[in-house]
Amino acid sequence: MENVTGDSRNKIIVRTSIIGIAANLLLAGFKAVVGLLSGSIAIVLDAVNNTSDAASSLITIIGTKLAGKDPDRKHPYGHGRVEYLSAMIISAIVLYAGITSLIESIKKIITPVTPDYTKVSIVIVSVAIVVKIVLGTFVKKTGEKVNSDSLVNSGKDALLDSIISASTLIAAVIFLIWNLSLEAWLGAIISIVIIKSGIDMLRETISQLLGERAEGELIRKIKACVNSFPEVSGAYDLVLHNYGPDNYNGSIHIEISDKLTATQIDELTRAITYKVYEETGIAMTAIGIYSVAASDSKSGQMLVKIKERVLKIDNVIQIHGFYVNETDKTIRFDAVVSFDAKDRRAVVEQICKEVKELYPEYTPTVFPDIDFSDT
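Just add 7 to wherever you are in the sequence shown, counting from 1, and you've got the working numbering.
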C-alpha cells in the first residue's frame, strides 16, 4: 500500500468519487430510458442501482470532507472516524438495494411481465457492463491505495453491478433466442448476492469501529524502531488506538536497566517518541517502564527457570517485565494470556503456583496481559 496521506489523499478520494458520480448518473439515465421502453424490470432496477451508486460516491465525498476537519476541543483526536461511518452508510445502501431488488424480482416471478428487448437496449447494457468493470476496478484499487473503506466498498458495489448487468444481458439473449423470460429469476439470484455483499461490508465496517488489531507489518516496524535503542532490552504491550484510516496514537512498555536515572529515562523516552513518529507517523502518547536488574545474575537465572516452566502452561504466550526484589522477597512480571483461555484468572493462579513451587521463599505477583499486538 502506498503511503498517501493528508490533503493529497483527500483530493484523490474526492476526484475518484466525482468520476464515479458522473459515470453512474450517465448510466442510470440511459438504463432508465431503455428499461421503461422495453418493459424490463431488470434494466429499470439496474438504473436505480446506478443512482444509488452515485449517492454512495456523494456520501464518500461528504465523509472525506468531514473526516479532514482539524481537531477541536470536543474532538481532540480529529474526525477521521467519520470515514468509517460513511463506509457504513454505503454498506447500508448496498444492502437496501439488494433487498428492494429482491422484492421486485419476487413480484415479477409471481406476476410475470413479458419484456420487449431491442438491439439498442442490448448494446447499452453491454456497454454498461464494460463501464462498470472498468469503474469498479479503478475505484477499488484507488481505495486500497489511499486506505479508504468508502472507496473500496463503492468499487466492490460497482463490480457487483457489472454482474447484475451481465445477468440482464444473458436474460435478454435467452429471451430473444428461445422466447423464455428468466430475468426475474436471475434478478432474484443476483439480489441475494448483493444482500450478502452488503452484510459483509457492514460487518467489516462495524468491526473497524469496534477496534481491530493493527497490521502485523506496522506492529513489527514500531517494535523494531523501539528496540533499536541500545538501552532498551525489550518492547512489549504495544497498544494502537485508531482514530481513522492511518491515524493512530500508541503506547508501549519498554524494559530498561534499573540503573538508569530519571533524566536518562526522560531523554530515552523522548528520543523513542520522536523516532517512532519520524519512521511511522504514529504519535506514542505513553511509554511505560519495566525495570530490569541487568547486573543481577541470580535474577537472570531465576527468569530462565521461571520462563521455562511458565511457558509450558496452556494459553501463556509470553512473560516480560520480570523483576526480583530481594528486600521484600517478591517476584513480579506480566504474562500475556491468549484469547483462547476460557478462564484467565485460573491461568494466572496456575502461573503463581508454578513460580511458588520453584521459589517457595518468594511471593509472586503476576499481571495478566492482553495480546493487543503480535507478541
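Glycine is no exception: its CB is placed at the ideal position from the N, C-alpha and C atoms.
Item                                                                                                         : Value
Distance, Gly143 Cα to Thr67 Cα                                                                              : 15 angstroms
Nearest to Tyr91 (by Cα), restricted to the options Val55, Ser155 and Ala348                                 : Ser155
Unbroken stretches of the alpha helix (DSSP H), 4 residues or longer, contained in the segment 104-154       : 126-153
Reduced DSSP secondary structure (H/G/I, E/B, other) of Gly27                                                : helix
Nearest candidate by alpha-carbon position, reference Lys314, set Asp341, Arg210 and Val239                  : Asp341
Outcome for Ser15 when other beta-carbon atoms lying within 10 angstroms are tallied against a minimum of 16 : exposed
Local Cβ density within 10 Å of Val132, reported as buried at 16 or more and exposed below that              : buried
Residue from Ser174, Ile324, Gly251 and Glu224 with nearest C-alpha to Leu217                                : Gly251
DSSP-derived helix/strand/coil call for Ser345                                                               : coil
Endpoints, beta strand (DSSP E) assigned at Val331                                                           : Val323 to Asn332
Coil, strand or helix - Thr280 by DSSP                                                                       : helix
According to DSSP, residues forming a beta bridge with Thr370                                                : Thr337
Sub-9 angstroms separation of His86 and Leu73 beta-carbons                                                   : yes
According to DSSP, residues forming a beta bridge with Asn249                                                : Tyr255
Cβ distance (whole Å) where Lys3 is taken to contact Ser198 below 8 angstroms                                : The first residue shown for the chain is 8 and the last is 382, placing residue 3 beyond what the model contains.
For Val146 and Tyr158, believed in contact at Cβ under 8 angstroms, the rounded distance                     : The amino acid occupying residue 158 in the given sequence is Leu; Tyr does not appear at that position. Sure, about 6 angstroms apart at Cβ, within 8 angstroms.
Cβ-based neighbour list, Asn256, same chain, cut-off 6 angstroms, excluding 5 preceding and 5 following      : His248, Ala290 and Thr292
Inter-residue spacing [alpha-carbon to alpha-carbon] between Phe346 and Asp244                               : 15 angstroms
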